[in-house]
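Undergrad:
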Amino acid sequence: MKILVPVKRVVDYNVKVRVKADQTGVDLANVKMSLNPFCEIAVEEAVRLKEAGIATEVVVVSIGQSGAQEQLRTALALGADRAILIETELNLDSLQVAKLLAKVVGTEQPQLVIIGKQAIDSDNNQTGQMLAALTGMGQGTFASKVVVADGKVAVTREIDGGLQTVSLKLPAVVSTDLRLNEPRYASLPNIMKAKKKPLDIVTADSFGVVLQSQVKTLKVAAPAVRQAGVMVDSVDALVAKLKQEAKVI
Amino acid sequence: MAILIIAEHNQQALKADTAKTVAAATKIGGDIHLLVAGFQCGAAAAEAATLAGVTKVLVADAACYQHQLAENVAALVVELGRDYSHILAAATTHGKNCLPRVAALLDVAQISDVIAVESADTFVRPIYAGNAIATVQSSDAIKVLTVRSSAFDAVANGNAAPIEAVAQATDAGLSVFVSEELTKSERPELTAAKIIISGGRGMQNGDNFKLLEGIADKLNAAIGASRAAVDAGFVPNDMQVGQTGKIVAPDLYIAVGISGAIQHLAGMKDSKVIVAINKDAEAPIFQVADYGLVADLFVALPELEAKL
Ligand SMILES: Cc1cc2nc3c(=O)[nH]c(=O)nc-3n(C[C@H](O)[C@H](O)[C@H](O)COP(=O)(O)OP(=O)(O)OC[C@H]3O[C@@H](n4cnc5c(N)ncnc54)[C@H](O)[C@@H]3O)c2cc1C
Ligand SMILES: Nc1ncnc2c1ncn2[C@@H]1O[C@H](COP(=O)(O)O)[C@@H](O)[C@H]1O
Chain A
729 MKILVPVKRV VDYNVKVRVK ADQTGVDLAN VKMSLNPFCE IAVEEAVRLK EAGIATEVVV
789 VSIGQSGAQE QLRTALALGA DRAILIETEL NLDSLQVAKL LAKVVGTEQP QLVIIGKQAI
849 DSDNNQTGQM LAALTGMGQG TFASKVVVAD GKVAVTREID GGLQTVSLKL PAVVSTDLRL
909 NEPRYASLPN IMKAKKKPLD IVTADSFGVV LQSQVKTLKV AAPAVRQAGV MVDSVDALVA
969 KLKQEAKVI
Chain B
2 MAILIIAEHN QQALKADTAK TVAAATKIGG DIHLLVAGFQ CGAAAAEAAT LAGVTKVLVA
62 DAACYQHQLA ENVAALVVEL GRDYSHILAA ATTHGKNCLP RVAALLDVAQ ISDVIAVESA
122 DTFVRPIYAG NAIATVQSSD AIKVLTVRSS AFDAVANGNA APIEAVAQAT DAGLSVFVSE
182 ELTKSERPEL TAAKIIISGG RGMQNGDNFK LLEGIADKLN AAIGASRAAV DAGFVPNDMQ
242 VGQTGKIVAP DLYIAVGISG AIQHLAGMKD SKVIVAINKD AEAPIFQVAD YGLVADLFVA
302 LPELEAKL
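These protein sequence lines are chains A and B, in that order.
Each residue of the first sequence is one higher than the last, beginning at 729 in this note's numbering.
Each residue of the second sequence is one higher than the last, beginning at 2 in this note's numbering.
(1) Closer than 7 Å, Cβ to any Cβ of chain A: which residues of the region 207 to 229 of chain B, in chain order?
(2) Determine the chain A residues that contact B/Gln169 at a beta-carbon separation under 9 Å, and present them in chain order.
(3) Going along the chain, which residues of the region 161 to 194 of chain B sit with their C-beta nearer than 7 Å to a C-beta in chain A?
(4) Do we get a CB-CB distance below 8 Å when we pair B/Gln138 with the residues of chain A?
(5) Does any residue of chain A have a CB that is nearer than 8 Å to the CB of B/Glu283?
(6) Beta-carbon separation of B/Ala110 and A/Gln942 under 8 Å?
(7) DSSP on B/Lys16, reduced to helix/strand/coil?
(8) Cβ of A/Gln857 within 8 Å of Cβ of B/Arg102?
(9) Take A/Leu828 and list the residues in its own chain whose beta-carbon comes closer than 7 Å to its own, dropping the five residues that flank it on each side.
(10) Within this structure, are the beta carbons of A/Gly795 and A/Arg746 separated by less than 8 Å?
(11) Where A/Gly753 and B/Gly159 are concerned, what is the direct C-alpha to C-alpha distance, given to the nearest angstrom?
(12) With hydrogens ignored, establish whether the beta-carbon of A/Lys831 is closer than 7 Å to any heavy atom of ligand 2.
(13) Give a single yes or no on whether A/Gln854 has its beta carbon closer than 7 Å to a heavy atom of ligand 2.
(14) Let me see if you follow: with CB-CB separation under 8 Å, is A/Met865 close to chain B or not?
(15) Just list the residues that DSSP pairs A/Glu768 with in beta bridges.
(16) Who are the neighbours of A/Glu886 on chain B, taking C-beta pairs under 8 Å?
(17) Can you give me the Cβ contacts of A/Asp849 inside the same chain, cut-off strictly under 7 Å, excluding the 5 residues immediately before and after it?
(18) What is the C-beta distance between A/Val881 and A/Gly868, in whole angstroms, given that I count them as a contact (C-beta under 8 Å)?
(19) I need the DSSP call for A/Thr863, collapsed to helix, strand or coil.
(20) So, using beta-carbon positions, are A/Gly879 and B/Leu175 closer together than 8 Å?
(21) Please check the pair B/Lys310 and B/Gly131, which I expect to be a contact at CB under 8 Å, by giving their CB distance rounded to whole angstroms.
(22) A/Asn853 touches chain B at which residues, Cβ-Cβ below 7 Å?
(23) Residues in the same chain with beta-carbon distance under 7 Å from B/His95, minus the five sequence neighbours each way, listed in chain order, please.
(24) Could you work out which residues of chain A lie near B/Arg102, taking near to mean beta carbons separated by less than 8 Å?
(25) Based on the DSSP secondary-structure assignment, which residues constitute the bridge partners of A/Ser762?
(26) Buried or exposed: where does A/Thr816 fall if 16 or more other Cβ atoms within 10 Å of its Cβ makes it buried?
(27) Which residues mark the beginning and the end of the beta strand (DSSP E) in which B/Asp32 is found?
(28) Compare the Cα-Cα distances from A/Asp961 to each of B/Ala38, B/Gly293, B/Ile134 and B/Thr171 and report the closest residue.
The following block contains the structure:
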């Protein structure tokens, strides 16, 4: 069974981004970039399925600028077998990303797609569901447990009220939640080995997908800052403030 | 111009997020139709008809919609949705699961987590865990939006909109419901509560969450948690507040033994009043707190409970 794992290069989760003064976007100059945490979990899950003898090949794919090769190499060091970079300078919507990924699904014919639930830059939480729709597959989103058996995948999903388990016919799309697994650290020998693994680069234009987005960003502003608060020195003082000043209890 | 909203319900009753999604639709303007897809969901449909601003309730009552699986609900919404200018759902796990599937099948973009409506085509949404706020304009024929319910006040009840049955009932055959483990609680739901008290890694174990319960009882509060507390197994996943958990904006949020990571703040920093109790005076949570108390939670919590 082949598993396809789409991964995104995003600003590292420890970075608190700043909005540019001209309000056209956030300032990403000299900011640390990483593999999106949910994608790292997706790679880990795919590699574990391979180690368990269920998967035979793990292919990672990223869409974006040339710099994303770095994150693809990280994924290869974590245990993926092969990487594809679909290069574009454009900032694509999840819909365009899903359309490009659908083409990759068409050529690669994976039995399972494991994808992050959310990119921590756009915070969209859309691509996996869209890819499932475009390829006619079932979807198991926000997975905290994945069991592949008998041509099906059972996915335990984190939902607002608790947990839900669904069973999907393969091929299917699974999107990862944080508690699915704890990704390993890439060892030095594996980082070295990853340098020799195949990484194909193709241009996004070559797929015949309309890459034009219908959503225009008019401005990007900083969020409202909270007024600085006060420190209280006792529980009594806290209760008094909440009753008399804030009037919330 | 008419707006279709996917209602969220458990067959008997609507979730509070739906009335807030209707509030967002009211700001767009036009007729508002609520779709209740479920099985033996007449009671939920009847409640939907009472929401102010709703002009029609559509009910798809069939076994294949019982668990509201995304594959089946999306196919239904796409069938009904082509004539609408906007399709909305709350940005809950249900809305996030279904709506992108709808958008892709309609070949339009989705705008996630709308926190304000500027006009019928222009919307405001947070990105980068709320560290930036984007204003976006869509030229798609159908605008597909998920609505962050903490940013809108629920519409009132008292309406009596007509209820119409829709005949579609197609099982896409891609997924099957297996089981559900829902957390039972007598407390208000996190996203509906006026007061929330949350515990973090500082609570040390699940048992110690009892220290929060006594206080929650007195304040009629919901109990939340940081991701660290959930990951450590102290409490179930549905209690997580944050960028990737629940987004809340109660009147009062009390963070106990929580450091205040960006991802946690993303889920609670729009609360009206924030209280932080932490033994580390340098904890970043104090930068967003209206009232900070540097104290050992094991001393402060019993005292707080006694003094309320
Ligand atoms: C992609 C991604 C998404 C994430 N999403 C979320 C999310 O949605 N929600 C979320 O919460 N986190 C999220 N996180 C995790 C986040 O980065 C932090 O790791 C997490 O919020 C830390 O939880 P904490 O504050 O409970 O733990 P810590 O950071 O360990 O803080 C514990 C605090 O308890 C205090 N403390 C300890 N003992 C006591 C005591 N006896 N009395 C008083 N205070 C005490 C300490 O001083 C400390 O400040 C996410 C991370 C990633 C990478
Ligand atoms: N440009 C991209 N290249 C590859 N995968 C992507 C890209 N954008 C999004 N994805 C995948 O889709 C997931 C969800 O992203 P989003 O829907 O944008 O929040 C991510 O975790 C990735 O796995």
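We treat Cβ as the ideally placed atom computed from N, Cα and C, and that holds for glycine.
All values derive from a computational prediction rather than experimental measurement.
TA: The structure says:
(1) Going along the region 207 to 229 of chain B in chain order, one finds Leu220 and Arg228 with a Cβ nearer than 7 Å to chain A.
(2) Position 168 of the second sequence, counting from 1, holds the residue named residue 169 of chain B. None at all; the shortest Cβ gap to chain A is about 17 Å.
(3) Near chain A, meaning a CB-to-CB distance below 7 Å, the residues of the region 161 to 194 of chain B are Leu175, Ser176, Val177, Phe178, Val179, Ser180, Glu181, Glu182, Leu183 and Thr184.
(4) For the purposes of this step, residue 138 of chain B is taken as residue 137 along the second sequence, with counting starting at 1. At least one chain A Cβ lies under 8 Å of B/Gln138.
(5) One-based indexing of the second sequence puts residue 283 of chain B at position 282. When Cβ-Cβ separations below 8 Å define contact, B/Glu283 makes no contact with chain A.
(6) In the second sequence, residue 110 of chain B corresponds to position 109, counting from 1. In the first sequence, residue 942 of chain A corresponds to position 214, counting from 1. Taking the C-beta atoms as reference points, A/Gln942 is found nearer than 8 Å to B/Ala110.
(7) For the purposes of this step, residue 16 of chain B is taken as the residue at position 15 of the second sequence. Coil, per DSSP.
(8) If you number the first sequence from 1, residue 857 of chain A lands on position 129. If you number the second sequence from 1, residue 102 of chain B lands on position 101. Yes.
(9) Within the first sequence, the letter at position 100 stands for residue 828 of chain A. Here the set comprises Ile791, Ile814, Ala932, Phe935 and Val937.
(10) In the first sequence, the residue the question calls residue 795 of chain A occupies position 67. In the first sequence, the residue the question calls residue 746 of chain A occupies position 18. If you check the CB distance, A/Gly795 and A/Arg746 do not come in under 8 Å.
(11) Against the first sequence, residue 753 of chain A aligns to sequence position 25. Against the second sequence, residue 159 of chain B aligns to sequence position 158. Using only the alpha carbons, I get a separation of about 43 Å.
(12) The count along the first sequence starts at 1 and reaches residue 831 of chain A at position 103. For ligand 2, not one heavy atom lies less than 7 Å from the Cβ of A/Lys831.
(13) Counting from 1 along the first sequence, the entry for residue 854 of chain A is found at position 126. Within the chosen limit of 7 Å, ligand 2 reaches the beta carbon of A/Gln854 through at least one heavy atom.
(14) In the first sequence, residue 865 of chain A corresponds to position 137, counting from 1. For A/Met865, a Cβ of chain B is located within less than 8 Å of the residue's own Cβ.
(15) Translated into the one-based positions of the first sequence, residue 768 of chain A becomes position 40. Assignment of beta-bridge partners to A/Glu768 by DSSP yields no partner.
(16) Within the first sequence, numbered from 1, the residue matching residue 886 of chain A stands at position 158. Neighbours of A/Glu886 on chain B, chain order: Thr94, Asn238 and Asp239.
(17) Reading the first sequence from its first residue, position 121 is the one you call residue 849 of chain A. Val738 and Val739, listed in sequence order.
(18) Taking the first residue of the first sequence as 1, we reach residue 881 of chain A at position 153. Taking the first residue of the first sequence as 1, we reach residue 868 of chain A at position 140. Between A/Gly868 and A/Val881 the Cβ distance is about 7 Å, and since that is below 8 Å, they are a contact.
(19) For the purposes of this step, residue 863 of chain A is taken as residue 135 along the first sequence, with counting starting at 1. A/Thr863: helix per DSSP, three-state reduction.
(20) Looking up residue 879 of chain A in the first sequence gives position 151. Looking up residue 175 of chain B in the second sequence gives position 174. No, these two residues do not count as a Cβ contact at 8 Å.
(21) Here chain B covers residues 2 to 309 and nothing more, so residue 310 of chain B does not appear.
(22) Position 125 of the first sequence, counting from 1, holds the residue named residue 853 of chain A. Chain-ordered, the chain B residues with CB closer than 7 Å to the CB of A/Asn853 read Lys97 and Ser113.
(23) Counted from its first residue, the second sequence places residue 95 of chain B at position 94. Closer than 7 Å at Cβ, skipping near neighbours: Glu9 and Gln69.
(24) Against the second sequence, residue 102 of chain B aligns to sequence position 101. Per Cβ cutoff of 8 Å: Gln857, Met858, Ala860, Ala861 and Gln867.
(25) Mapped onto the first sequence, residue 762 of chain A falls at position 34. Paired residue(s): A/Val738.
(26) In the first sequence, the residue the question calls residue 816 of chain A occupies position 88. A/Thr816 comes out buried.
(27) Indexing the second sequence from 1 puts residue 32 of chain B at position 31. Per DSSP, B/Asp32 belongs to the beta strand (DSSP E) from Asp32 to Gly39.
(28) By 1-based counting over the first sequence, the position of residue 961 of chain A is 233. Among B/Ala38, B/Gly293, B/Ile134 and B/Thr171, the Cα nearest to that of A/Asp961 is on B/Gly293.
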